[in-house]
Amino acid sequence: MGTTVATNALLERKGERIALCVTRGFRDLLQIGNQARPNIFDLKVSKASNLYEEVVEVDERVELVGDGERDGSSAVEGISGELVRVAKPVDVEALKPLLKGLLEKGIRCLAVVLMHSYTYPHHELLIEKLALEMGFKHVSLSSSLTPMVRAVPRGLTASVDAYLTPVIKEYLSGFMSRFEGGGDQVNVLFMQSDGGLAPERRFSGHKAVLSGPAGGVVGYSQTLFQLETSKPLIGFDMGGTSTDVSRYDGSYEQVLETQIAGAIIQAPQLDINTVAAGGGSKLKFQFGAFKVGPESVGAHPGPVCYRKGGELAITDANLILGTVIPDYFPSIFGPNEDLPLDYDATRKAFENLAVEINSHRKSQDLSAKDMTVEEIALGFVNVANEAMCRPIRQLTEMKGHDTKNHALACFGGAGPQHACAMARSLGMSELLIHRYCGILSAYGMGLADVIEDLQEPYSAVYNDDSAEEASRRVELLVKQVKEKLIEQGFGEDSIRTYSYLNMRYEGTDTTIMVKHPEESGSDYANEFVKLFQQEYGFKLVNRKILICDVRVQGVGATNILQPHELTPVSTKPVQESSCKIYFSYGWQETPLYKLQNLGYGHVLEGPAVIMNGNSTVIVEKDCKAIITRYGNIKIEISSAPNTVKVSETVADVVQLSIFNHRFMGIAEQMGRTLQRTSISTNIKERLDFSCALFSPDGGLVANAPHVPVHLGAMSSTVCWQLKYWGDNLHEGDVLVTNHPCSGGSHLPDITVVTPVFNEGKLIFFVASRGHHAEIGGITPGSMPPFSKSIWEEGAAIKAFKLVERGVFQEEGIVHLLQSPSSDELTNHKIPGTRKIQDNLSDLRAQVAANQRGITLIKELISQYGLITVQSYMNHVQNNAEEAVREMLKVVASRVRKENGSCVIEDEDYMDDGSVLHLKLTLDSSKGEATFDFEGTSPEVYGNWNAPEAVTAAAVIYCLRCLVDVDIPLNQGCLAPVKILIPKGSFLSPSEKAAVVGGNVLTSQRVTDVVLMAFQACACSQGCMNNLTFGDDTFGYYETIGGGSGAGASWDGTSGVQCHMTNTRMTDPEIFEQRYPVLLHRFSIRENSGGAGFHRGGDGLVREIEFRRPVVVSILSERRVHAPRGLKGGENGDRGANYLIKKDGRRIYLGGKNTVMVNVGEVLQIFTPGGGGFGSP
């Protein structure tokens, strides 16, 4: 059986009261997480609440032993094979009163995560023993639940388990007690997130959260694959509020980490992607376009037709179209839940919406014919279908599979109404709808097997010796899982075991769980290389392969349910009745059949309706439904999507939304290709990149929202390249640039631009920008704090053909990267890149990402035609412009009301005293704004000069935040805006100026000034706190979060990346495992946020001890001028950087410095807090 008790408790935050036990110095580790904010345009920075109420810092520390420290007698070998040293044992006497205090507060459950407990769990086990002896009823140990390196996801998993397991145990206890004898003689199995069953005593919270969707995956995979089709399957489970998408091709696709309700769970689970689109998705008409979701009307009040005062939703649209048939729905609606669906109220609501839609269309085109209610309803359904197609394309194509080569396996209550249209849109020719589609998740549980999964860490370079040791560990784990299954009553003949090694290339964070190869002569390494190349499109030559974990899965076959074959029928299908359905070509009298009256071999030509319980299966025209020998519905789609003809001069309100989805989906898939195929940590893990699509004139069409400082900025780059190359652009050319004067930001951000031609004519551009961790320059990491000229910062490329007429110009790009310009004054030779192979690999990944975008746009052109696609490139820009104009009109009216004028001036200071001045002029009638930066200081003798593209990116980011609606990010956002920047200022410096800090520091100050001028929120930390360190053998780069600014209705958030960045932080255990450091503290800097009616968010504290001599560079701001409060709110605290010497001296480093740090010295960084809002 399955239960949603765990899922509901997590979503509703109704779990057990728990406390977190964590290594001293890391009390806020789980709250900080990876620092990233969930929605980069949400000024509130809404994050999920913590599951724990209290935190106990345990005075203990386990350290990894470095290569040069292995002679010490205190080192012991951990489970993973790594050497560790117990630097500080658990202080039990100090811990007892802290645990006692928790019990006195009524907290009786603990989650425990200690540094490096994945390999040395002894301290966690000691705490568990102590806590249980003291009276705690449940303790979740991170080392027992998920013995894998990475403290943050392991700790979050332990928190989820501690929060949910007592709730589940209580529920199961009540359930089992109802059996005679208390359930001791009954073998009840429960569904887990990994697609397997577990007995009641082994069923725990962290494995239960996705058990419902997992049942559906088991259901369709075990009853359709190879029984009804030989094609790989895409599972499509559409419910009321969301849709789950999965894939099956003979084996379950699993992930080891997922996120739900803001909590990361690290455990084997089926790879299921969820999109916020379902029958309850809210319908809106905004800024001239149809919008579906992501908000849901919920079950209460629900759609309009539920008779509870709800809002229009997809279910209402289907009711209008006739694809929801009231006669086949029970009368359970209305206040007393005894009435049928309300068609009249739904139609009235659509008629009211039609007035608004048609009024808008007339304003755009006087000759426009009014849309009918049916056309509007169908338009919303088409938009919803495209929203649901987007994750399906991503799921398949990001792993290197072609979507159209799959069959769509549809289930869930609402899915069969949409399945034909979606399969057609995805280019699929085959659709399968299970006979139990409405209850397939439950049915799938009866098909599942019992699974026992054991895993342990093992850290080693893959070679003959480590392979032998891994095999020894596998044998031990196999023995243990078999014992567990035999204990549950399984015989040896019904048990199967599978062994895996979790592996990665040295220098990357991308692990792959590699199954033991079945082919003779193959080994894990060969299998890993094959899988890596299949998923990422390349392999790394001469790179060591590392083992991270050993895993064994034991499967006990249950054989509870078996598919039932039907006998063929010779009679013709009996039509139950007929109904009217509205299709794209109008109303159609459509035959209706009941599945229960159909038999194996019956064929129904579309259009037709098949009622399957409460599910309505719509068989569209040019489709054929066949009842299979197992009683399922197989629909053959005989025609690919027809070329769609739409108006080119005036935007169709439905197609506008669909093209917005398609264009943004292309940019997103480019990003996923870049992430998949890149090699560097900066791009693959920290996600410091952006991808975009441009019209032939270089205007931005869609920019996937990866890193805000890149938003809109690449348009300047494309326009500059277009002007520079002119007619010297040809098919097969790919351009590369990073110079600020050619539309760049700073040198580490390299942009690759691909022009695309059709019959010799330039038709569009695609581009990708990625932060390369090494580009040369005077310091490792290419982020020098003291650069004064551009040539000190590394290789600067204005224009170069990376690929010329299809030929990769490796020799030329290597020369540019390794031989940057010399200092003009001293002729001093500036070092070139220190990581040329990584540069080349990431540049090839950027070329591949662009190629992916080209392929997808050409598919779009084949469907709609070139003229239409190019027309909609302009239409989506006009749509974004309209949204920004409406926002500016509202803001201008508010500002005039509050200030008596639509002119606002604001200024702030960089830490050197440079002034950043803004005069903002708003036009409330036209919805326009002028951002005039006259009065800003001249170019500085430093590196926080910012190219004009950076200011444009900051402005477009602020406008998108203020609109607070999911509009496309394109050139239209800037159409109602003038940005005036005085030449020669540090916002428009000369091409010789140093700029590495402008992108990461000045961009934040521009953002603060703009948002303060709009009085949207107080200043955030105003800095990215850039830290680099390394030597001739390695380099490391990170940006550190701080406090966000408070607003009129919210407190600031503590310890997050703010505004113009959203890159991830390296996990503390990975940080210590890969680099010669000890992280002593990473926590929230309490009370550093500005006081106010709404308080600013607090900054962070980060303390790093170095274990070998390195060069450390810090590039930061807000060390002199504090983040300002707004409307009486107080300023946030300034940041500070210190170096603690071995003799105890504490030296202030200022905001920007490079120092040689010796062994044992500690870098201490305090990041700024955010400003408060309103008087305290």
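At position 306 of the sequence shown (counting the first as 1) the number is 306 in full-length UniProt numbering, and the numbers step up by one without a gap.
From the three backbone atoms N, C-alpha and C, an ideal C-beta is built for every residue, glycine too.
All values reported here derive from a predicted model rather than from experimental measurement.
Quiz item: Do the segment 228–235 and the segment 404–424 meet, that is, are 3 or more Cβ pairs less than 8 Å apart?
Solution: yes
Practice problem: Express the C-alpha separation of LEU592 and GLY280 in angstroms, rounding to a whole number. | Solution: Here the question's residue 280 lines up with position 280 in the sequence shown. Here the question's residue 592 lines up with position 592 in the sequence shown. So the two alpha carbons sit approximately 25 Å from each other.
Self-check item: Where the alpha helix (DSSP H) through residue 1178 begins and ends
Solution: There is no way to answer for residue 1178, as the model of the chain reaches only from 1 to 1176.
Exercise. For PRO340, write down the residues that DSSP places opposite it in a beta bridge.
Key: Within the sequence shown, residue 340 is the residue found at index 340, counting from 1. Partner(s): none; PRO340 has no beta bridge.
Exercise. Give me whichever residues DSSP pairs with MET1156 in a beta bridge.
Key: Taking the first residue of the sequence shown as position 1, residue 1156 is located at position 1156. Partner(s): VAL1111.
Quiz item: Is the segment 211–229 in contact with the segment 357–368, if contact means three or more CB pairs nearer than 8 Å?
Solution: no
Self-check item: 6 Å Cβ shell around VAL188 - same chain, five flanking residues per side excluded
Solution: Walking along the sequence shown from the start, residue 188 turns up at place 188. Counting only Cβ-Cβ distances below 6 Å, and skipping sequence neighbours, we find GLU200.
Quiz item: DSSP on GLY698, reduced to helix/strand/coil?
Solution: Residue numbering aside, residue 698 sits at position 698 when the sequence shown is read from its first letter. Looking at GLY698 - three-state DSSP - the assignment turns out to be coil, as it is neither helix nor strand.
Self-check item: In DSSP terms, what PHE285 is bridged to
Solution: Stepping through the sequence shown from its first residue, residue 285 is reached at position 285. According to DSSP, which records beta bridges pairwise, PHE285 is partnered with PHE290.
Quiz item: Is it true that the segment 11–19 meets the segment 1056–1071, where meeting means three or more beta-carbon pairs spaced less than 8 Å apart?
Solution: no
Practice problem: Compute the distance between the beta-carbons of ASN597 and ASP549, then report whether it is under 8 Å. | Solution: Here residue 597 refers to the residue found at position 597 when the sequence shown is read from its first residue. Here residue 549 refers to the residue found at position 549 when the sequence shown is read from its first residue. For ASN597 and ASP549, no; Cβs fall outside 8 Å.
Self-check item: Burial state of PHE1106 (16 or more Cβ within 10 Å)
Solution: For the purposes of this step, residue 1106 is identified with residue 1106 of the sequence shown, where counting begins at 1. Counting Cβ neighbours within 10 Å, PHE1106 comes out buried, since at least 16 surround it.
Exercise. Would you mind sorting THR936 into buried or exposed? The rule is 16 or more other CB atoms within 10 Å of its CB.
Key: As a first step, residue 936 is located in the sequence shown; it is residue number 936 there, counting from the start. Classification for THR936: buried.
Quiz prompt | ALA952, enclosing alpha helix (DSSP H) - first and last residue | solution = Here residue 952 is taken as the residue at index 952 of the sequence shown, counted from 1. It spans 948–963 - the alpha helix (DSSP H) in which ALA952 sits, taken as one unbroken run.
Quiz item: Taking DSSP as the reference, what is the three-state secondary structure of CYS741?
Solution: The residue you call residue 741 lines up with position 741 of the sequence shown. Helix at CYS741.
Quiz prompt | Candidates PHE285, LYS621, LYS169 and GLY726, of which the one nearest TRP587 by Cα | solution = Translated into positions along the sequence shown, residue 587 becomes position 587. It is LYS621 whose Cα lies nearest to the Cα of TRP587.
Quiz item: In the structure shown, what three-state DSSP assignment does HIS771 receive?
Solution: On the sequence shown, position 771 is the one that residue 771 refers to. Of the three classes helix, strand and coil, the one that applies to HIS771 here is strand, per DSSP.
Quiz item: In whole angstroms, what separates the C-alpha of GLN543 from that of TYR505?
Solution: Indexing the sequence shown from 1 puts residue 543 at position 543. Indexing the sequence shown from 1 puts residue 505 at position 505. Note that residue 543 is Arg in the sequence shown, not Gln. If you take the alpha carbons of ARG543 and TYR505, they lie about 6 Å apart.
Quiz item: Cβ of GLN35 within 8 Å of Cβ of VAL1056?
Solution: Taking the sequence shown and counting its residues from 1, the one referred to as residue 35 is at position 35. Taking the sequence shown and counting its residues from 1, the one referred to as residue 1056 is at position 1056. In contact: GLN35 and VAL1056 (Cβ atoms closer than 8 Å).
Quiz item: So PRO1068 is in the alpha helix (DSSP H); what residue range does that whole segment cover?
Solution: Position 1068 of the sequence shown holds residue 1068. Looking at the DSSP string, the run of the alpha helix (DSSP H) that includes PRO1068 is 1068–1074.
Practice problem: Could you check what DSSP says for PRO335 in three-state terms: helix, strand or coil? | Solution: The count along the sequence shown starts at 1 and reaches residue 335 at position 335. PRO335: coil per DSSP, three-state reduction.
Self-check item: Contact under 8 Å by Cβ, LEU395 with ASN273
Solution: Looking up residue 395 in the sequence shown gives position 395. Looking up residue 273 in the sequence shown gives position 273. The answer is yes: Cβ separation under 8 Å.
Self-check item: Per DSSP, cross-strand counterpart(s) of ARG551
Solution: Residue numbering aside, residue 551 sits at position 551 when the sequence shown is read from its first letter. DSSP lists GLN455 and TYR500 as partners of ARG551.
Quiz item: Got a sec, what are the start and stop residues for the alpha helix (DSSP H) GLY174 sits in?
Solution: Counted from its first residue, the sequence shown places residue 174 at position 174. 151–176 is the extent of the alpha helix (DSSP H) around GLY174.
Quiz item: Span of the beta strand (DSSP E) holding GLN266?
Solution: The residue you call residue 266 lines up with position 266 of the sequence shown. Where GLN266 is concerned, the enclosing beta strand (DSSP E) stretches over 263–270.
Self-check item: Beta-bridge partners of LYS88, as assigned by DSSP
Solution: For the purposes of this step, residue 88 is taken as the residue at position 88 of the sequence shown. Answer is ARG61, bridged to LYS88.
Quiz item: CB GLY205 to CB ASP244, shorter than 8 Å?
Solution: As a first step, residue 205 is located in the sequence shown; it is residue number 205 there, counting from the start. As a first step, residue 244 is located in the sequence shown; it is residue number 244 there, counting from the start. In this structure, ASP244 does not lie closer than 8 Å to GLY205 by Cβ.
Quiz prompt | Closest by C-alpha distance to VAL891, when choosing among GLN562, GLN1015, TYR585 and VAL149 | solution = Numbered from its first residue, the sequence shown carries residue 891 at position 891. Selected option, being the one with the closest Cα: GLN1015.
Quiz item: So, helix, strand or coil for GLY444, using DSSP?
Solution: Translated into positions along the sequence shown, residue 444 becomes position 444. Correct three-state label for GLY444: helix.
Quiz item: If you compare alpha carbons, which of GLU804, GLY806 and ALA796 is closest to HIS815?
Solution: Residue mapping note: residue 815 aligns to position 815 of the sequence shown, counting from 1. Among GLU804, GLY806 and ALA796, the Cα nearest to that of HIS815 is on ALA796.
Self-check item: Length-filtered (4 minimum) alpha helix (DSSP H) runs lying within the segment 176–256
Solution: 211–224
Quiz item: Cβ of GLU774 within 8 Å of Cβ of GLY781?
Solution: On the sequence shown, position 774 is the one that residue 774 refers to. On the sequence shown, position 781 is the one that residue 781 refers to. Contact flag set, yes.
Exercise. Compare the beta carbon distance of LEU1139 and GLU1103 with 8 Å and say whether it is the shorter of the two.
Key: Counting from one through the sequence shown, the residue named residue 1139 turns up at place 1139. Counting from one through the sequence shown, the residue named residue 1103 turns up at place 1103. Their beta carbons are not under 8 Å apart, which means LEU1139 does not touch GLU1103 by this criterion.
Exercise. With DSSP as the reference, please indicate the residues paired to LEU432 in a beta bridge.
Key: By 1-based counting over the sequence shown, the position of residue 432 is 432. LEU432 pairs with ALA409 and LYS634.
Exercise. Kindly indicate which residue of GLU928, LEU656 and ASP523 has the alpha-carbon position closest to the one of VAL903.
Key: Stepping through the sequence shown from its first residue, residue 903 is reached at position 903. Minimum Cα distance to VAL903 is reached at GLU928.
Quiz item: Looking only at its own chain, which residues have a Cβ that is under 6 Å from the Cβ of CYS623, when we skip the five neighbours before and after it?
Solution: As a position in the sequence shown, residue 623 is number 623, starting the count at 1. CYS420, GLY606, ILE635 and ILE637, listed in sequence order.
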